[in-house]
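*Asks:* Protein chains in written order, with UniProt numbering: chain E, 1 to 630; chain B, 1 to 630; chain A, 1 to 630.
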Amino acid sequence: MTDASADDGAGAPAVVDLQPSCTAEEVATDEYYHATVNGVVEYGIFVDLSEHVSGLVHESTFDGDREFEVGDDAVVKLTEVRDNGDLSFELASLEDYETVDREHDYERVAADAVGEHVGDTVHIEGEVVQIKQTGGPTIFRVRDETSAVPCTSFEAAGVRAHPDVDVGDLVHVKGDVEERDGTFQVEVTQLDVLDAEDAADVAGRLEAALDELAEPAEIDPLVEWPALEQMLPELRSVARTLRRAVLEGRPIRMRHHADGDGMCASVPVQYALTKFIEDAHQDGDAGRHLLKRLPSKAPYYEMEDATRDLNFALEDRARHGQKLPLLLMLDNGSTEEDTPAYKALDHYDIPIVVVDHHHPDPEAVDPLVDEHVNPYLHGEDYRITTGMLCVELARMLYPGLTDELEHVPAVAGLSDRSKADAMTDYLELARDAGYDEQFLHQISEALDYEAYMLRYDPGTQLINDVLNVNGDEDRHRELVPFVANRADEDVAEQLDAVESHVDHERVANGANLYRIDVENHAHRFTYPAPGKTTGEVHDRKVEETGEPVITIGYGPDFAVLRSDGVRLDIPTMVEELNAELPGAGVSGGGHLVVGSIRFVPGMRQQVLDALIEKMAEAELDEELHSAPKR
Amino acid sequence: MTDASADDGAGAPAVVDLQPSCTAEEVATDEYYHATVNGVVEYGIFVDLSEHVSGLVHESTFDGDREFEVGDDAVVKLTEVRDNGDLSFELASLEDYETVDREHDYERVAADAVGEHVGDTVHIEGEVVQIKQTGGPTIFRVRDETSAVPCTSFEAAGVRAHPDVDVGDLVHVKGDVEERDGTFQVEVTQLDVLDAEDAADVAGRLEAALDELAEPAEIDPLVEWPALEQMLPELRSVARTLRRAVLEGRPIRMRHHADGDGMCASVPVQYALTKFIEDAHQDGDAGRHLLKRLPSKAPYYEMEDATRDLNFALEDRARHGQKLPLLLMLDNGSTEEDTPAYKALDHYDIPIVVVDHHHPDPEAVDPLVDEHVNPYLHGEDYRITTGMLCVELARMLYPGLTDELEHVPAVAGLSDRSKADAMTDYLELARDAGYDEQFLHQISEALDYEAYMLRYDPGTQLINDVLNVNGDEDRHRELVPFVANRADEDVAEQLDAVESHVDHERVANGANLYRIDVENHAHRFTYPAPGKTTGEVHDRKVEETGEPVITIGYGPDFAVLRSDGVRLDIPTMVEELNAELPGAGVSGGGHLVVGSIRFVPGMRQQVLDALIEKMAEAELDEELHSAPKR
Amino acid sequence: MTDASADDGAGAPAVVDLQPSCTAEEVATDEYYHATVNGVVEYGIFVDLSEHVSGLVHESTFDGDREFEVGDDAVVKLTEVRDNGDLSFELASLEDYETVDREHDYERVAADAVGEHVGDTVHIEGEVVQIKQTGGPTIFRVRDETSAVPCTSFEAAGVRAHPDVDVGDLVHVKGDVEERDGTFQVEVTQLDVLDAEDAADVAGRLEAALDELAEPAEIDPLVEWPALEQMLPELRSVARTLRRAVLEGRPIRMRHHADGDGMCASVPVQYALTKFIEDAHQDGDAGRHLLKRLPSKAPYYEMEDATRDLNFALEDRARHGQKLPLLLMLDNGSTEEDTPAYKALDHYDIPIVVVDHHHPDPEAVDPLVDEHVNPYLHGEDYRITTGMLCVELARMLYPGLTDELEHVPAVAGLSDRSKADAMTDYLELARDAGYDEQFLHQISEALDYEAYMLRYDPGTQLINDVLNVNGDEDRHRELVPFVANRADEDVAEQLDAVESHVDHERVANGANLYRIDVENHAHRFTYPAPGKTTGEVHDRKVEETGEPVITIGYGPDFAVLRSDGVRLDIPTMVEELNAELPGAGVSGGGHLVVGSIRFVPGMRQQVLDALIEKMAEAELDEELHSAPKR
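In structure tokens, the structure reads:
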């Protein structure tokens, strides 16, 4: 504190308006200040100049008749700084003056530089991105344009310090840098929410830094394919959104279809995000807190899953002070069936991003999600699989992964039986990377098998080995043939059981119709499940006959549909069945020519009869081809 | 240590009997002491004066012919304190003496004041309430009449210090106060179990303090209602028991019916206990360790649940040194079906407290539980719902919650279709708090829906928002209509499926009987479940006909029963069916006029026929009304 | 550092070859050294003498024309050690010289003695057994022949230090000993992988120490029984393998049959291993990390379980740097049905050890497992139960447990209805320990009941009480009769339902055949499950008739088989049925005369008919006896 005089004789005297965070180091005797009365006593009034500066105006310095009330404004002059730090003021009655703003004066230290100031007092400005209450102090994680740093503040054991400060607030922190187990933290001595003007400055800096850091890598697509290339700008936007979420400390909850294409989509994105999180956060545990990959049991986002997701998100917020997550739907999420769950999340701050290649219902979905990438929205179809899209997305999310992902689009394409012309290029790319087509098929089979055995546990380490993304190459080469053979054996055993019970008839349009009671003539609760069992029978029949084939595998309350050489439109058939058969409760969908439906058990016969009638009337296709799985 | 002489020449000399915890600071040369021989060597005997004071009596000081054995008593005089602290005694042979007790002399510090003694050595007396072994020291949590403080004692890494000290022991701790991350702990230098007399003192102090702290808040019931008011003393006693459990560090495991009334009962109690735990424990994590709310799948306490609860309790004790829990049953627990599970817990120190409004079986239940509150035990019935009771309980548990709970009894009443006259007052109270009746209905529907979607996860944050107890008011207002509408849509879809398959007949007593095969003509594994589906059909039929109605929804091995205008007694019917149909394995129950039964699938036809026969003979009621749900 | 001269004038000068871990303390001016060029600059070359010693050879000291490339070898002489520690060399061109190896010179401190060196710098040599990355430092757990000690190394927050060092490497650590919460750790200042020679030394020391420590206790079997005694050497080998796994920090994952014998086998082994882990590891949490006991749902090792086990193991390795586990199969694991799961683990470093008494298929199993103990492999049979074997195994694993385990073989024998002659001795042994036969039966019943109620949760604390192994004796005495009675009541209730629906016929060979539809005429999802229900009916029929009895309990896709007095060979029958009934998908097995089979639901009638036909042709046994359960 230095003596100074604001009243320099020239013109109107200056009256200083201290910013709330100013301290006693920023006042000087003989200066005038704007003050607010915060107490009235017999011998005078107490005034506040800022959050940290206050003092007494003795009544002897003003006309005792003058009445003050708490909250009144006043102009005062600092007359004395006592030895104990107390400040004495006198009341000023200036006829004319000029207001001068004084900002709290400190040298800002960047969050990523606190390590150079161990033992020193530093000032940091940034956004509070997490508030965690421990049994001891409260930990505020404050992020500036360079990094995030934990700031610990102790009020009383287990008591929330600064209860007025919330996640998202822009703050100034003053504190002492400590090193503990090799990580740095700031022991808070002062923590203020910035006023509007300063907050705007900081927000601007953060925004600019985030914009820069969130910018995805520039990439060329793995193969030349205009159909996919037109979608790259949208994928770039998704990449930007995801990188930004990571930078802002918002957890990402990834839900994906638990099949081959869903794995090929989600695993590369998981890998890329994990790498990016490692770079962007000091905390070695950040990867675990900020990213979850969750295979979905149903081929759409079930209300139970959404409820569980929301519940976990709210618990994490309550317990760890985390932000609510961003929901990333992969190879799932484009259809009307997803919308009830989306609506359930709508009341919470949970952005939703979808990358899918199932037949979409943009009218229902788009109002509820933030971004929606789907080839059908570009006049393309399921042949651009989600895995193909997400490999490009992963490459945008984190540079340098290309070599490790070159085989993945081919696996995705084979898994979903993509008939895209680009498959030739993808297969060649994979071959050049050391994967022949048969081995790629085995990877696809192995993914399917492990997905079943893991029963909706992500099984990250194991799946990484099977797909050879962030896994062990040697083990991959050993493991894949073993698992694929195991899967083949299980399929063969299932087909042994099913074979003699497949019913055949030729329907009106000339197609072969095969029916299987998968509940009574297949092993239950083992691999392959009814959907795959039906698919395997279907594939064999297509090969055997070389003619159009429809295959229906049915259980008590569901039917799985596969077709080749027949122009089905399953979503429309479901709608019609629902109208024609009140009380049958038909629902379902999938792709156009393959899918699955559900109904109430007591109406199975009627539903199957009506369904077959419709299929018998469908036009045949010139070209026979295997269709994608659902 | 100061020189002193007990032998002051006047009368018989004094022989000091040291308390076990006395240290060398409490002896003085030339004083006489009672001692015990703990070793006999060639050159003398070693004697103990207390646990911490011992020394040598050289044989030169007594007639070498005198024979001592370990364990012999002796009177000795302290002759010298050597530089290294060793004590030398001589044997005394006093003809006459007077024994003087000497207590270990220390100034006790209150547990809640250790923070003022950081760096100092302090003495604490209290009860060991938890013993936790870490990879390093053992942590004894010691509670006195003011608070509990962790005392760390290090023997060797991961080795239990003071293996003779158990949870529940009353002890004296001497140690140095340290501050670590803002919490205080005592690094133990001495830890003794108190002798009987001192233990009684401490126990008395603790008891008195606990009695005072455990005393519930004085409240007036939310509405004037003598039927409920007569139950307040019992609720007060429950509140006292629960507060005391918290104070003693005994975890509370709350099991409740997973329906609307069960939520309205458990959520306010959870809220109140959480607040009280925060006040009573220094540890920010205490809430998580000391309270669990668990919705029960069955409408009674299943043996599987009890086994799981017991297993968790035993694991927590083994791993965290926690006490075994108190079991609090809410809106569940009054019936004979609960007793096998109660008996399974009977061999462990697990008190059981029940607050329920289902038709009770006090003869079976009361011998097994510590407290049992139920309106039927006061000549009242289900109309006093558990939610109504528990809102009063919550208000006793923690003062100041009234404003936040005023709407809850009305939700509870609507959920269980309470026909109580007091409902008018409860609805008015809710209306004054800003909840109109339609909105209260929506809350009730939303609770039901979320309970289903959460599948027996407590989902605390989400449920708090739905019920608006310790939740977010704005979100509550948005969320409830959305969820209620969603529930309505799902019910409508289910009824669409069911409608055309409801069988109707008029039975002997003139009532309408409706039957639904909910396994074959309703969607399975979706909301609403069979019980609610049956209830919704029933409600529509009551409204349509305006006549007495019985509705049965049946599956392969169960039937759900609803009735209006018919005087059923389901518990009695179950008993009769069991006797009449050997091999049908009928069990079940619920309220008198609504409930559910189970049987073996192969006997379904016989059971349903016999059941309907009984129902056809039941008397009709003058007044038609909706009955409570089970 | 001291001055020295290697060039002592006598004979060829010595050129020192520094070991990689040598430091600047081990060089001296005027000595010659072997060096490697690691940089070429305008003014000279930089050379490395060891990992920690390098310096500059100024070009003025050699003919500037001479060309060096990075990687070239050179002989240099140390000319100067500057004040800042920099070393200056000159190039030497010796015509003749002698190479002298210089080892890094330090005094090794034993890992179990670091506690005596707090505050000092120490050197430790050993194997890295775990590497754990924290949010701060990396923690290397280094084990020498005495113990394991955590060594913390900080590179940057959350960044893996010494990324070149892997688990299994033999290393030299230099660092400062610190004490933290009573545990000791070494803060690493230097960490080198040892060169081949030194590594061999350390490996030799470790190996010798491990060999000694891994040696099991010498025991005499509990009863004299040559049939079992011949198996002791194999059990000793298993004990050695398990102790060694513990010493090497390899987790043990124990999978066991979830029945009485399986519990009697696994609980004593768990107890013994827990004690041994406590002794062998400083870390109080080691027991939790190094041992898991997991009851298996199926009577064989299911692929789902193996996948889940593998997934957990990989996650633990990724998160906690743990080794992959050893899989210990108890009372399970000997049959062909286990082999697919074994093969799935074969690609990972997961040793498998089996102790079982089910009819084994050594040709299928032995190539896949490391050790396989089974009485059938010694010409004995199921009568030597796994529990009997494992009590001996537990006694070898940890001495001093005999008194606590004397009653366990009798419980195991009763649980599996062992007809061994030695049962008399086991029952006597148990009786002498205070367990009469009726009480042993009750323990067996109680184990069965709790296994069901715990639903594949290990429930360690509870099971320990029931079996009274590492439990509470008083509670054991109270709990067992209660649980056994409860089980009896549930069985009685189930038999009430079943009784009137048991079909009887006398088949060709004269045996009584009883059939029960356990799906339709028994309670579902309650205790007792179909297998036990069938067994209970069977036992009653054997007693009633005193004649040969076959009992079949069937559901939609399974049948449970029990027989007495009939020579069945179930494994062979399953093979035949599979061949005779294509499309029936028959699988299963168990013991010879009792077991269970599965089939597809639609073929149930055919399968049961064919099965009964085979049974009707089986030879009768002279002697009637109860057979073991599966």
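Even for Gly, the Cβ is constructed at its ideal location relative to N, Cα and C.
By the 9 Å beta-carbon criterion, what residues does the stretch 54-67 of chain A contribute toward chain B?
*Replies:* Answer set for the stretch 54-67 of chain A: empty.
*Asks:* Does any CB atom of chain A fall closer than 8 Å to the CB of Asn-520/E?
*Replies:* Walking along the first sequence from the start, residue 520/E turns up at place 520. So yes, Asn-520/E belongs to the interface.
*Asks:* Quick one: which chain A residues come within Cβ less than 9 Å of Gly-459/E?
*Replies:* Mapped onto the first sequence, residue 459/E falls at position 459. Result: Thr-307, Arg-308, Leu-310, Asn-311, Leu-314, Glu-315.
*Asks:* Could you tell me which of Ser-21/A, Asn-84/A, Met-254/A sits nearest to Val-173/A, measuring between CA atoms?
*Replies:* Counting from 1 along the third sequence, the entry for residue 173/A is found at position 173. That would be Ser-21/A, whose Cα lies nearest to the Cα of Val-173/A.
*Asks:* Please report how far the alpha carbon of Tyr-554/E lies from the alpha carbon of Val-502/A, in whole angstroms.
*Replies:* Mapped onto the first sequence, residue 554/E falls at position 554. Mapped onto the third sequence, residue 502/A falls at position 502. Cα to Cα, the separation comes out at about 33 Å.
*Asks:* Give, in chain order, every unbroken run of the beta strand (DSSP E) that is at least 3 residues long and sits entirely within the stretch 267-338 of chain A.
*Replies:* Listed in chain order, they are 291-296, 326-330.
*Asks:* Give the straight-line distance between the Cα atoms of Ala-196/E and Val-109/E, rounded to the nearest whole angstrom.
*Replies:* For this step, residue 196/E is matched to residue 196 along the first sequence. For this step, residue 109/E is matched to residue 109 along the first sequence. Using only the alpha carbons, I get a separation of about 21 Å.
*Asks:* If the criterion is Cβ atoms closer than 8 Å, does the pair Thr-386/E and Asp-356/E meet it?
*Replies:* As a position in the first sequence, residue 386/E is number 386, starting the count at 1. As a position in the first sequence, residue 356/E is number 356, starting the count at 1. Yes; because the gap between Cβ atoms is below 8 Å, this pair is in contact.
*Asks:* Quick one: what does DSSP say Ala-508/A is sitting in, helix, strand or coil?
*Replies:* Stepping through the third sequence from its first residue, residue 508/A is reached at position 508. Ala-508/A: coil per DSSP, three-state reduction.
*Asks:* Does the beta carbon of Ser-237/E sit closer than 8 Å to a beta carbon anywhere in chain A?
*Replies:* To locate residue 237/E, count along the first sequence from 1; it is residue 237. Taking Cβ atoms only, chain A never reaches closer than 8 Å to Ser-237/E, which makes this a no.
*Asks:* When you compare only the Cα positions, how much space is there between Gln-606/E and Val-600/E?
*Replies:* The residue labelled residue 606/E in the question sits at position 606 within the first sequence. The residue labelled residue 600/E in the question sits at position 600 within the first sequence. About 11 Å.
*Asks:* Would you mind stating whether Val-167/E and Val-129/E have Cβ atoms separated by less than 8 Å?
*Replies:* Working through the first sequence from its first residue, we reach residue 167/E at position 167. Working through the first sequence from its first residue, we reach residue 129/E at position 129. Taking 8 Å as the Cβ cut-off, Val-167/E and Val-129/E qualify as a contacting pair.
*Asks:* Count the other CB atoms, across all protein chains shown, that sit within 10 Å of the CB of Asp-331/B; report buried if there are 16 or more and exposed otherwise.
*Replies:* In the second sequence, the residue the question calls residue 331/B occupies position 331. Buried, by the Cβ-count rule.
*Asks:* Can you tell me whether DSSP reads Gly-85/A as helix, strand or coil?
*Replies:* Numbered from 1 along the third sequence, position 85 holds the residue referred to as residue 85/A. Reduced to three states, the DSSP call for Gly-85/A is coil.
*Asks:* How is Met-1/A classed by DSSP in three states: helix, strand or coil?
*Replies:* Walking along the third sequence from the start, residue 1/A turns up at place 1. A caution first: Met-1/A carries a pLDDT of 41, below 50, which makes its placement in the model too unreliable to give a value.
*Asks:* How should Asn-38/B be labelled, buried or exposed, when 16 other C-beta atoms within 10 angstroms of its C-beta is the threshold for buried?
*Replies:* As a first step, residue 38/B is located in the second sequence; it is residue number 38 there, counting from the start. Answer is exposed; the Cβ neighbour count stays below 16.
*Asks:* Leu-56/B by DSSP, collapsed to three states: which one?
*Replies:* The residue you call residue 56/B lines up with position 56 of the second sequence. In this structure, Leu-56/B counts as strand in the three-state DSSP scheme.
*Asks:* List the endpoints of the continuous beta strand (DSSP E) containing Tyr-449/E.
*Replies:* As a position in the first sequence, residue 449/E is number 449, starting the count at 1. From DSSP, Tyr-449/E is part of no beta strand (DSSP E) but of the alpha helix (DSSP H) over 437-454.
*Asks:* Helix, strand or coil: how does DSSP classify Leu-620/A here?
*Replies:* Stepping through the third sequence from its first residue, residue 620/A is reached at position 620. It is a strand residue.
*Asks:* Would Ala-584/E count as contacting chain D if we go by Cβ distances under 8 Å?
*Replies:* Structure shown: chain D not included; protein chains present are E, B and A.
*Asks:* Can Ile-463/E and Glu-445/E be called in contact, C-beta distance under 8 Å?
*Replies:* Within the first sequence, numbered from 1, the residue matching residue 463/E stands at position 463. Within the first sequence, numbered from 1, the residue matching residue 445/E stands at position 445. No; because the gap between Cβ atoms is not below 8 Å, this pair is not in contact.
*Asks:* Buried or exposed for Asp-3/E, please, with buried defined as at least 16 other CB atoms from any protein chain shown within 10 angstroms of its CB.
*Replies:* Within the first sequence, residue 3/E is the residue found at index 3, counting from 1. The predicted position of Asp-3/E is uncertain, since its pLDDT is 41 and thus under 50; no value can be drawn from it.
*Asks:* With a CB to CB cut of under 8 Å and the five nearest residues on each side skipped, what residues in its chain are close to Glu-103/E?
*Replies:* By one-based count along the first sequence, residue 103/E stands at place 103. Result list for Glu-103/E: Gln-19, Cys-22, Asp-198, in chain order.
*Asks:* Interface residues of chain B around His-347/E at Cβ under 8 Å?
*Replies:* As a first step, residue 347/E must be located in the first sequence, where it is residue number 347. In chain order: Arg-475, Glu-478, Leu-479, Phe-482.
*Asks:* Hey, quick one: how far does the beta strand (DSSP E) through Thr-551/A stretch, first residue to last?
*Replies:* Against the third sequence, residue 551/A aligns to sequence position 551. Thr-551/A -> beta strand (DSSP E) spans 549-554.
*Asks:* Report all residues from its chain with a CB closer than 7 Å to the CB of Phe-62/B; omit the five preceding and five following residues, and keep chain order.
*Replies:* Position 62 of the second sequence holds residue 62/B. Closer than 7 Å at the Cβ level, and outside the excluded window around Phe-62/B, lie Leu-91.
*Asks:* In the structure shown, what three-state DSSP assignment does Lys-629/B receive?
*Replies:* As a position in the second sequence, residue 629/B is number 629, starting the count at 1. Residue placement at Lys-629/B is poorly supported in this model, since its pLDDT is 47, which falls under 50; the coordinates are not used for a value here.
*Asks:* Give the interface partners of Asp-557/E over in chain B, defined as CB-CB distance under 7 Å, in chain order.
*Replies:* Position 557 of the first sequence, counting from 1, holds the residue named residue 557/E. By Cβ distance, chain B contributes Arg-524.
*Asks:* So does the stretch 510-520 of chain E actually touch the stretch 533-548 of chain E, counting three or more Cβ pairs closer than 8 Å?
*Replies:* Yes, since at least three Cβ pairs between the stretch 510-520 of chain E and the stretch 533-548 of chain E fall closer than 8 Å, the two stretches touch.
*Asks:* Please check if any C-beta of chain A sits within less than 8 Å of the C-beta of Lys-343/B.
*Replies:* Taking the first residue of the second sequence as 1, we reach residue 343/B at position 343. Interface residue, yes.
*Asks:* What in chain B is Cβ-close to residue 635/E, meaning under 9 Å?
*Replies:* Since the displayed chain E opens at 1 and closes at 630, residue 635/E lies outside it and no answer follows.
*Asks:* Assign His-591/B to one of two classes, buried (16 or more other C-beta atoms within 10 Å of its C-beta) or exposed (fewer than that).
*Replies:* On the second sequence, position 591 is the one that residue 591/B refers to. Looking at its Cβ environment, which holds 16 or more other Cβ atoms inside 10 Å, His-591/B is buried.
*Asks:* Can you tell me whether Pro-360/A is helix, strand or coil according to DSSP?
*Replies:* Numbered from 1 along the third sequence, position 360 holds the residue referred to as residue 360/A. Three-state result, Pro-360/A: coil.
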